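Participant: Structure provided below as structure tokens; questions to follow.
Number of protein chains: 2
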Amino acid sequence: MTDNLKRYRIILASGSPRRQELMKELGIQFETIVKDDVDETYPPTLNPKHVAEYIALQKSRAYAAEVMQGNTLVVTADTVVVCDTRIMGKPFNAKEAVSMLRTLSGKTHRVVSGVALTSADKQVSFSVKTKVTFRTLDDRDIRYYVEHFRPLDKAGAYGIQEWIGLVGIDHIEGSYHNVMGLPTQRLFAELRNF
Amino acid sequence: MTDNLKRYRIILASGSPRRQELMKELGIQFETIVKDDVDETYPPTLNPKHVAEYIALQKSRAYAAEVMQGNTLVVTADTVVVCDTRIMGKPFNAKEAVSMLRTLSGKTHRVVSGVALTSADKQVSFSVKTKVTFRTLDDRDIRYYVEHFRPLDKAGAYGIQEWIGLVGIDHIEGSYHNVMGLPTQRLFAELRNF
């Protein structure tokens, strides 16, 4: 399916179990290498819709040594939640998680995943946007979710594939897997053309 | 979360592992009872968008004995794929599966899941529609998918959560889980209000 990729050692530069699972389901052979020394800051004037791709490109810099080995292709990615032009990162604690979900309740927000594909002689980057609509959430549902699912590792304090996504989201426009962290259709097409 | 349901024995009347998994993730206690003697025919003049709900209601008739036991709530469901006003059922064989996927390729179709909730003194039914867009599929991808995933148990010959969904679908409008077979958000709300 992806013969052009056989000559590459593919590295997924992400500790997210959702991204690892999605890459596996795409049928792509890869290994995971996660580095801690990644600069995830971005210029405050940057348009929120460009932030994820910017950070994905930033992350690729931490893998210069691997890329230099020649036949390596590094996949870096970042996902941000944009609500009312404000970027939501990961919540610091349960209280902030509750507050983020109250903000998202009853509204449509955007999820943008940015991806960079980097080899020794080439770099391709792109981002994909999905609109996500939460119905009005009961406060007891928000508290139940935060307590039982501890979404502190997730931008916007929710996983679309978890309980709150099943009971709270009745409408998306775009790619579902993009909200989980990887725009699988676009990624597969870009990898095949790489 | 769903205190009103505690007085019911809930039966999910579906052999679909996807539906069973989604009900479990909703946090609902249930058992599964599947009957073979269900009439899945529908009047040929019925508008395609009403067919899934009609069949879900038909299916509930096969559970009359269980419902008569009083504290039982039966969940029946049906999912149809509607492409160009034509209903696609499950493919008979691999050849028909390939043909169905060729028809869906490069187009937007609708997936409608109908659900009926039935107890001794009450019946509620509803249906939910999701638009799904496939990019133009390579024939080698279609054949690879049909050969390796054998989608003969799936309306329209695909599972959105399987390989072909990840690489072929870049856009949906509506509920993702509805395409898998259950409109989880609506179902949860209807169960809570039952």
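Top to bottom, those sequences are chains A and B. Reading the first sequence from the start, the letters are residues 1 to 194 in my numbering. Reading the second sequence from the start, the letters are residues 195 to 388 in my numbering. Heads up, the beta-carbon is just placed ideally off N, CA and C, and yes, glycines get one too. Small disclaimer: the values here were computed from a predicted structure and weren't measured.
1. Counting C-beta neighbours from all protein chains within 10 Å, is the total for residue 174(A) 16 or more, i.e. buried, or is it exposed?
2. Taking the alpha carbon of residue 235(B) as the point to measure from, which residue in 263(B), 209(B), 207(B), 281(B) has its own alpha carbon closest?
3. Suppose you measure from the CA of residue 265(B) to the CA of residue 204(B); what does that come to, to the nearest Å?
4. Is the Cβ of residue 171(A) closer than 7 Å to any Cβ of chain B?
5. Chain A partners of residue 300(B), CB-CB under 9 Å?
6. For residue 331(B), which residues of its own chain have a beta-carbon under 7 Å away from its beta-carbon, when the five flanking residues on both sides are left out?
7. If contact means a Cβ-Cβ distance below 8 Å, which residues of the stretch 21-46 of chain A contact chain B?
8. Would you mind telling me which residues of chain A sit closer than 9 Å to residue 369(B), beta carbon to beta carbon, in chain order?
9. So residue 360(B) contacts chain A; which residues on that side make the cut at Cβ distance below 8 Å?
10. Report yes if the CB atom of residue 302(B) is closer than 7 Å to the CB atom of residue 279(B), and no otherwise.
11. What do you reckon, are the CB atoms on residue 80(A) and residue 38(A) nearer than 7 Å?
12. Using a beta-carbon distance cut-off of less than 7 Å, what residues from the stretch 315-332 of chain B approach chain A?
13. With DSSP as the reference, identify every bridge partner of residue 226(B), one or two as the case may be.
14. Using 10 angstroms around the beta-carbon of residue 213(B), count the other beta-carbons present and answer buried if the total reaches 16, otherwise exposed.
15. Measuring CA to CA, which of 55(A), 26(A), 119(A) is closest to residue 7(A)?
16. On the DSSP bridge assignment, give the partners of residue 128(A) in chain order.
17. Tell me the rounded alpha-carbon separation between residue 46(A) and residue 56(A).
18. Could you give the C-beta distance for residue 117(A) and residue 188(A), rounded to a whole number, given that I count them as a contact under 8 Å?
19. Rounded to the nearest angstrom, what separates residue 60(A) and residue 318(B) at their Cα positions?
20. So residue 219(B) and residue 163(A) are in contact, right, with Cβ under 8 Å, and what is the actual spacing, rounded?
21. Quick check: what's the CA-CA separation for residue 291(B) versus residue 350(B)?
22. Please confirm whether residue 371(B) and residue 267(B) have their CB atoms less than 7 Å apart.
23. Would DSSP call residue 20(A) helix, strand or coil?
24. Please work out which residues of its chain come closer than 7 Å, Cβ to Cβ, to residue 89(A), disregarding the five sequence neighbours upstream and downstream, and give them in chain order.
25. Out of curiosity, what's the CA-to-CA distance linking residue 63(A) and residue 54(A)?
26. Tell me which residue opens and which closes the beta strand (DSSP E) that residue 170(A) is part of.
27. Using the C-alpha atoms, what's the distance from residue 65(A) back to residue 308(B)?
28. Am I right that residue 198(A) and residue 380(B) are in contact with their C-beta atoms under 8 Å? What's the rounded C-beta distance?
29. In this structure, what does DSSP give as the bridge partners for residue 119(A)?
30. From this set, 15(A), 182(A), 95(A), 103(A), which residue's C-alpha is nearest residue 112(A)'s C-alpha?
31. Can you look up residue 73(A) in the DSSP assignment and give me helix, strand or coil?
32. What separation, rounded to the nearest whole angstrom, lies between the Cα atoms of residue 17(A) and residue 355(B)?
33. List the DSSP bridge partners of residue 272(B).
34. Output needed for residue 76(A): all residues of its chain with C-beta closer than 6 Å, excluding positions within five of it in sequence on either side, in chain order.
Facilitator: Let me lay it out:
1. For the purposes of this step, residue 174(A) is taken as the residue at position 174 of the first sequence. Under this definition residue 174(A) is a buried residue.
2. As a first step, residue 235(B) is located in the second sequence; it is residue number 41 there, counting from the start. Residue 235(B) has its Cα closest to that of 281(B), out of 263(B), 209(B), 207(B), 281(B).
3. As a first step, residue 265(B) must be located in the second sequence, where it is residue number 71. As a first step, residue 204(B) must be located in the second sequence, where it is residue number 10. Spanning the two alpha carbons is a distance of roughly 9 Å.
4. Translated into positions along the first sequence, residue 171(A) becomes position 171. It does; some Cβ of chain B falls within 7 Å.
5. Mapped onto the second sequence, residue 300(B) falls at position 106. Within 9 Å Cβ-Cβ: nothing; residue 300(B) doesn't reach chain A, min ~13 Å.
6. Residue 331(B) sits at position 137 when you count from the first residue of the second sequence. If we look at residue 331(B) and ignore the five residues flanking it on each side, its Cβ neighbours are 295, 299, 362.
7. 22, 25, 26, 27
8. Looking up residue 369(B) in the second sequence gives position 175. Ordered by position in chain A, the residues that pass the 9 Å Cβ test against residue 369(B) are 169, 170, 171, 172.
9. Translated into the one-based positions of the second sequence, residue 360(B) becomes position 166. Result: 22, 25, 26, 177, 184, 185, 188.
10. In the second sequence, counting from the first residue as 1, residue 302(B) sits at position 108. In the second sequence, counting from the first residue as 1, residue 279(B) sits at position 85. Annotated as distal: residue 302(B) and residue 279(B), with beta-carbon spacing of 7 Å or more.
11. One-based indexing of the first sequence puts residue 80(A) at position 80. One-based indexing of the first sequence puts residue 38(A) at position 38. Their beta carbons are not under 7 Å apart, which means residue 80(A) does not touch residue 38(A) by this criterion.
12. For the stretch 315-332 of chain B, the beta-carbon criterion of a distance under 7 Å to any beta-carbon of chain A is satisfied by 329.
13. Residue 226(B) sits at position 32 when you count from the first residue of the second sequence. Bridge partners of residue 226(B): 206(B).
14. For this step, residue 213(B) is matched to residue 19 along the second sequence. Buried, because 16 or more other Cβ atoms sit within 10 Å of the Cβ of residue 213(B).
15. Looking up residue 7(A) in the first sequence gives position 7. When only C-alpha atoms are compared, the closest one is 119(A).
16. The count along the first sequence starts at 1 and reaches residue 128(A) at position 128. Residue 128(A) is bridged to 113(A).
17. Taking the first residue of the first sequence as 1, we reach residue 46(A) at position 46. Taking the first residue of the first sequence as 1, we reach residue 56(A) at position 56. Answer to the nearest angstrom: the Cα atoms are 14 Å apart.
18. Mapped onto the first sequence, residue 117(A) falls at position 117. Mapped onto the first sequence, residue 188(A) falls at position 188. Wrong, their Cβ atoms sit about 12 Å apart, outside the cutoff.
19. In the first sequence, counting from the first residue as 1, residue 60(A) sits at position 60. In the second sequence, counting from the first residue as 1, residue 318(B) sits at position 124. Each residue's Cα considered, the two are about 53 Å apart.
20. By 1-based counting over the second sequence, the position of residue 219(B) is 25. By 1-based counting over the first sequence, the position of residue 163(A) is 163. The pair is a contact, with the Cβ atoms about 6 Å apart (cut-off 8 Å).
21. Start at 1 with the first residue of the second sequence, and residue 291(B) comes out as number 97. Start at 1 with the first residue of the second sequence, and residue 350(B) comes out as number 156. When rounded, the distance between both Cα atoms is 8 Å.
22. By 1-based counting over the second sequence, the position of residue 371(B) is 177. By 1-based counting over the second sequence, the position of residue 267(B) is 73. No, Cβ-Cβ distance for residue 371(B) and residue 267(B) is not below 7 Å.
23. As a first step, residue 20(A) is located in the first sequence; it is residue number 20 there, counting from the start. Correct three-state label for residue 20(A): helix.
24. As a working mapping, residue 89(A) is identified with position 89 in the first sequence. Within the same chain, Cβ atoms closer than 7 Å to the Cβ of residue 89(A) are found at 155, the five residues on either side in sequence being excluded.
25. Taking the first residue of the first sequence as 1, we reach residue 63(A) at position 63. Taking the first residue of the first sequence as 1, we reach residue 54(A) at position 54. Computed Cα separation, rounded: 15 Å.
26. Residue numbering aside, residue 170(A) sits at position 170 when the first sequence is read from its first letter. Counting along the chain, the beta strand (DSSP E) containing residue 170(A) begins and ends at 169-174.
27. Stepping through the second sequence from its first residue, residue 308(B) is reached at position 114. Stepping through the first sequence from its first residue, residue 65(A) is reached at position 65. Their backbone Cα atoms lie some 54 Å apart in a straight line.
28. Residue 198(A) falls outside the range modelled here, since chain A spans only 1 to 194, and no answer is possible.
29. Numbered from its first residue, the first sequence carries residue 119(A) at position 119. In the DSSP output, where bridge partners are listed per residue, residue 119(A) has 122(A).
30. Position 112 of the first sequence holds residue 112(A). Measuring from the Cα of residue 112(A), the nearest candidate turns out to be 182(A).
31. Residue numbering aside, residue 73(A) sits at position 73 when the first sequence is read from its first letter. Residue 73(A) falls in the strand class under three-state DSSP.
32. Within the first sequence, residue 17(A) is the residue found at index 17, counting from 1. Within the second sequence, residue 355(B) is the residue found at index 161, counting from 1. Approximately 16 Å between the Cα atoms of the pair.
33. To locate residue 272(B), count along the second sequence from 1; it is residue 78. Its beta-bridge partners are 308(B).
34. Position 76 of the first sequence, counting from 1, holds the residue named residue 76(A). Closer than 6 Å at Cβ, skipping near neighbours: 13, 56, 59, 60, 116.
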